[in-house]
Amino acid sequence: MAYPENYKYTREHEWIEVAGNVGTVGITDYAQTSLGDIVFVDAPKVGTKVQKGSVFGSVESVKAVSDLYSPVTGTVTGVNEELHASPEKINTDAHSSWIIKVELSNPSELDALLSAIDYEKFIAEETGK
Amino acid sequence: MATSAPITLRKTALNVMHRRMGAKMVVFGGWDMPVEYLGLIAEHMAVRTGVGLFDVSHMGDIQLRGPGSLDAVQHISMNDASKLQEGQAHYSAMLYPQGTFVDDVIVHKLSDNDYLIVINAGTREKDFHWVKSNVQRFNCHANDYSDYYTQLAIQGPKAAETLAKLTNVDLSSIKGYWFKWGTVCGLANTLIARTGYTGEDGFEIYVPSDVATSERVWNEVLEAGKDFGILPCGLGARNTLRLESAMSLYEHEISDKINVFEAHLDRFLKLEKGPFTGSEALKTIQAEGGPTKKLVGLEIIERGIARDGYAVLNAAGKKIGVVTSGSPAPFLKKNIALAYVPTELAVVDGEVAVEVRGNPVKARIVPTPFYRRPKKTA
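Residue numbers (my numbering), protein chains in the order written: chain A, 49 to 177; chain B, 2 to 379.
This is the structure in structure tokens:
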């Protein structure tokens with residue numbers, strides 16, 4: 049699986065794609081594979097403040113709940129309503145199924161995130177491959 | 002995410018096969034088991050609409066043999082084994098003296114001198130020691146045969162047609178909860194039981210547990226079921242299937258702290274057969290007004306998924322009970338749960354709430370099982 053090079057990644061398996069001052073956030077293909085069939089997405093409302101490293105919502109598969117950690121600090125400016133009725137879209141295409149859009153209050157936080165290569169190394173270590 | 006497995010995990014004979022097939026593995030009751038292969042939902046649906054294959058070799062098999070076997074079984078099991086005919090099995094449980102559960106079991110009568118008790122994976126050692134020490138005064142011998150068998154469950158409306166390709170036994174002559182011996186995949190004297198844990202028609206077969214035989218039979222069943230869309234199924238689907246059918250899971254609906262009346266399993270309790278381990282405590286509970294809490298089925302009616310261990314709340318937001326098992330139901334397409342609530346609230350159509358990560362989500366008490374398979378007209 050190719051991890052988009054223009055995205056940045058967290059060790060909790062979120063991705064963020066930044067355009068200007070807005071970051072679009074989702075979970076990685078590795079995350080959706082581990083979760084299995086996704087049946088529920090719990091996302092915050094527009095206007096909610098999120099903190100880097102803090103839980104902003106959750107994704108549920110049939111057998112498990114997985115917390116979502118925000119890669120950045122800021123304000124939620126968009127929520128992907130499609131996932132309300134069709135959460136399984138994350139399984140089909142995790143890297144296009146965005147969950148929230150965040151207006152960044154501290155863009156320098158992006159520097160601490162993983163590049164695609166570093167993320168791939170990270171999951172290779174996790175799976176012992 | 003997953004970390005490296007601890008050293009003393011137990012494995013079935015099909016462990017390498019499961020890994021070779023790309024199964025996601027999980028630790029269950031000390032066993033390294035497949036949780037899903039293609040996907041939980043696909044596997045669940047295969048069992049409900051076609052056929053699925055499970056490796057359930059982690060379960061245990063205790064055989065009681067000798068002239069005193071029936072007396073021994075009657076002493077440790079709450080159902081009435083004297084009502085079993087040769088070739089018949091029934092659901093039961095072994096109880097502690099206080100009327101709570103050692104384990105739930107399936108008792109099979111092989112002959113007047115020979116009973117097979119199939120027990121859960123996580124309780125194998127505990128159950129065997131329990132049986133051995135409790136049957137000492139009877140003229141019988143208890144043997145742990147668990148490691149001798151690879152136990153496969155073939156479940157679904159097409160299970161019979163699948164298994165029929167592999168055996169000379171006329172499967173229509175085996176009714177639900179009965180069993181026969183016959184040749185399966187060329188193996189003579191194989192136990193074929195019409196039992197299962199899915200709520201569908203199906204069979205459990207017991208074959209020798211060497212890797213070569215186990216893998217051969219596994220592959221032959223998958224081949225035989227190809228026309229019906231057979232899928233190998235893991236513990237994930239096993240759990241959602243048994244939950245839709247409201248079947249109990251040890252340490253969830255039943256445990257050493259829960260009694261038979263609370264667990265709503267008293268239809269399998271035969272106090273009239275005479276005293277047995279747990280009977281006196283249960284009679285006392287009955288005489289004193291019955292259980293103070295009861296197991297009910299919940300359908301979640303607001304947006305949210307109830308999960309094992311979540312609190313059940315009343316309308317005022319006060320905790321009144323607990324979810325023992327909760328999950329989305331793939332076939333029913335609802336979110337369901339089994340839960341303990343106070344007896345006075347255990348009424349169908351009653352409304353409660355489940356606390357889902359800090360928020361109350363409304364749920365309605367519904368009859369169980371949530372799912373009943375369609376009756377065959379043929």
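Glycine included, every Cβ here is placed at the ideal spot set by N, Cα and C. Remember, it's a predicted structure, so these values are computed and weren't measured experimentally.
Do the CB positions of residue i and residue j come within less than 8 angstroms of each other?
| i | j | result |
| --- | --- | --- |
| Gly51(B) | Pro209(B) | no |
| Val120(A) | Ile75(A) | no |
| Leu296(B) | Asn260(B) | no |
| Met26(B) | Val36(B) | yes |
| Leu15(B) | Ser58(B) | yes |
| Asp128(B) | Gly61(B) | yes |
| Phe371(B) | Ala213(B) | no |
| Leu131(A) | Ala112(A) | no |
| Ala82(B) | Tyr116(B) | yes |
| Val367(B) | Val353(B) | no |
| Gly30(B) | Phe180(B) | no |
| Asn121(B) | Phe269(B) | no |
| Thr184(B) | Val222(B) | no |
| Val313(B) | Gly322(B) | yes |
| Val66(A) | Leu158(A) | yes |
| Ser215(B) | Thr151(B) | yes |
| Val73(A) | Val89(A) | no |
| Ala24(B) | Gly351(B) | no |
| Gly71(A) | Val98(A) | no |
Excluding five sequence neighbours on each side, which residues of the same chain lie with their C-beta closer than 6 angstroms to the C-beta of residue i?
| i | result |
| --- | --- |
| Arg49(B) | Phe332 |
| Thr1(B) | The displayed coordinates of chain B run from 2 to 379. Any statement about residue 1(B) would go beyond what the structure contains. |
| Met2(B) | Confidence in Met2(B) is poor, its pLDDT being 46 and thus under 50, which makes the residue's placement unreliable; the coordinate value appears in the next sentence. If we look at Met2(B) and ignore the five residues flanking it on each side, it has no Cβ neighbours. |
| Thr369(B) | Ala247 and Gly298 |
| Ala73(B) | Leu65, Val136, Phe139 and Cys141 |
Output the boundary residues of the beta strand (DSSP E) element that contains residue i.
| i | result |
| --- | --- |
| Phe332(B) | That residue, Phe332(B), is in no beta strand (DSSP E); it is neither H nor E in DSSP. |
| His142(B) | His142 to Asp145 |
| Trp182(B) | Phe180 to Val185 |
| Tyr207(B) | Gly203 to Pro209 |
| Arg66(B) | Gly61 to Arg66 |
| Lys149(A) | Ile148 to Leu152 |
| Gln152(B) | Tyr150 to Gln156 |
| His91(B) | Gln89 to Leu96 |
| Phe53(B) | It should be pointed out that residue 53(B) corresponds to Gly in this sequence rather than to Phe. From DSSP, the beta strand (DSSP E) with Gly53(B) extends over Gly53 to Asp56. |
| Met22(B) | Careful: Met22(B) lies outside any beta strand (DSSP E) and carries neither H nor E. |
Could you spell out where the alpha helix (DSSP H) holding residue i opens and where it closes?
| i | result |
| --- | --- |
| Asn190(B) | Careful: Asn190(B) lies outside any alpha helix (DSSP H), inside the beta strand (DSSP E) at Leu188 to Ala194. |
| Phe371(B) | Counting along the chain, Phe371(B) falls outside any alpha helix (DSSP H), and DSSP gives it neither H nor E. |
| Ile138(A) | Lys137 to Thr140 |
| Ser215(B) | Val212 to Ala225 |
| Glu126(B) | Arg125 to Asn135 |
| Tyr78(A) | Asp77 to Leu83 |
| Met380(B) | Outside the displayed span of chain B (2 to 379) sits residue 380(B), for which this structure offers no information. |
| Ile118(B) | Careful: Ile118(B) lies outside any alpha helix (DSSP H), inside the beta strand (DSSP E) at Asp115 to Ile120. |
Apart from the five residues just before and just after residue i, which ones in its own chain have a Cβ nearer than 7 angstroms to its Cβ?
| i | result |
| --- | --- |
| Ser326(B) | Leu244, Leu250, His253, Glu254, Asp309, Ala338 and Leu339 |
| Val103(A) | Asp115, Leu116 and Tyr117 |
| His61(A) | Ile75, Thr76, Tyr78 and Ala79 |
| Ala143(B) | Ile63, Leu65, Val132, Lys133 and Val136 |
| Ala288(B) | none |
| Ala161(B) | Leu172 and Asp202 |
| Tyr207(B) | Tyr150, Gln152, Thr191 and Leu192 |
| Met46(B) | Pro331 and Phe332 |
What does a CB cutoff of less than 8 angstroms around residue i pick up in its chain, not counting 5 residues either side in sequence?
| i | result |
| --- | --- |
| Glu168(A) | Tyr51 |
| Tyr97(B) | Val103, Asp257, Thr278 and Gly279 |
| Asn69(A) | Glu151, Leu152 and Pro155 |
| Thr175(A) | none |
| Thr344(B) | Gly291, Pro292, Thr293, Lys294 and Lys295 |
| Arg59(A) | Leu162 and Phe170 |
| Ser112(B) | Glu87 |
| Thr96(A) | Phe104, Thr123 and Val124 |
So, under 8 angstroms CB-CB, residue i and residue j are touching, yes? Tell me the CB distance rounded to an integer number of Å.
| i | j | result |
| --- | --- | --- |
| Lys294(B) | Glu263(B) | 6 angstroms |
| Val136(B) | Val119(B) | That belief does not hold up - the Cβ atoms of Val136(B) and Val119(B) are roughly 17 angstroms apart, past 8 angstroms. |
| Ile86(A) | Glu136(A) | 6 angstroms |
| Val110(A) | Gly237(B) | 7 angstroms |
| Val355(B) | Ala317(B) | Not quite, the Cβ-Cβ distance comes to about 15 angstroms (not below 8 angstroms), so this is no contact. |
| Val127(A) | Ala160(A) | About 25 angstroms; that fails the 8 angstroms criterion. |
| Ile286(B) | Asn336(B) | At roughly 32 angstroms, the Cβ-Cβ gap does not stay under 8 angstroms, so Ile286(B) and Asn336(B) are not in contact. |
| Ser78(B) | Val108(B) | 6 angstroms |
| Val357(B) | Tyr311(B) | 6 angstroms |
| Ala194(B) | Phe204(B) | 7 angstroms |
| Thr196(B) | Ala90(B) | 6 angstroms |
| Ala133(A) | Tyr55(A) | About 25 angstroms separates the two Cβ atoms, so there is no contact after all. |
| Glu303(B) | Val218(B) | With a Cβ gap of about 46 angstroms, Glu303(B) and Val218(B) do not count as contacting. |
Under 7 angstroms: does the beta carbon of residue i sit that close to some heavy atom of the ligand SAM?
| i | result |
| --- | --- |
| Glu174(A) | As presented, the structure is devoid of all ligands, the ligand SAM included, so that no description of it is given. |
Exercise for the section: Could you tell me whether the stretch 230 to 237 of chain B touches the stretch 274 to 283 of chain B, where touching means 3 or more Cβ pairs closer than 8 angstroms? Expected result: Inter-segment contact for the stretch 230 to 237 of chain B and the stretch 274 to 283 of chain B is absent: fewer than three beta-carbon pairs are separated by less than 8 angstroms.
Practice task
Say whether the stretch 50 to 64 of chain B touches the stretch 138 to 158 of chain B, bearing in mind that this needs 3 or more beta-carbon pairs closer than 8 angstroms, one atom from each stretch.
Solution key: With a cut-off of 8 angstroms, the stretch 138 to 158 of chain B and the stretch 50 to 64 of chain B count as touching, because enough Cβ pairs lie within range.
Practice task
Determine, using beta-carbon pairs with one atom in the stretch 233 to 253 of chain B and one in the stretch 65 to 77 of chain B, whether at least three such pairs fall under 8 angstroms.
Solution key: Cβ pair count under 8 angstroms is below three, so no.
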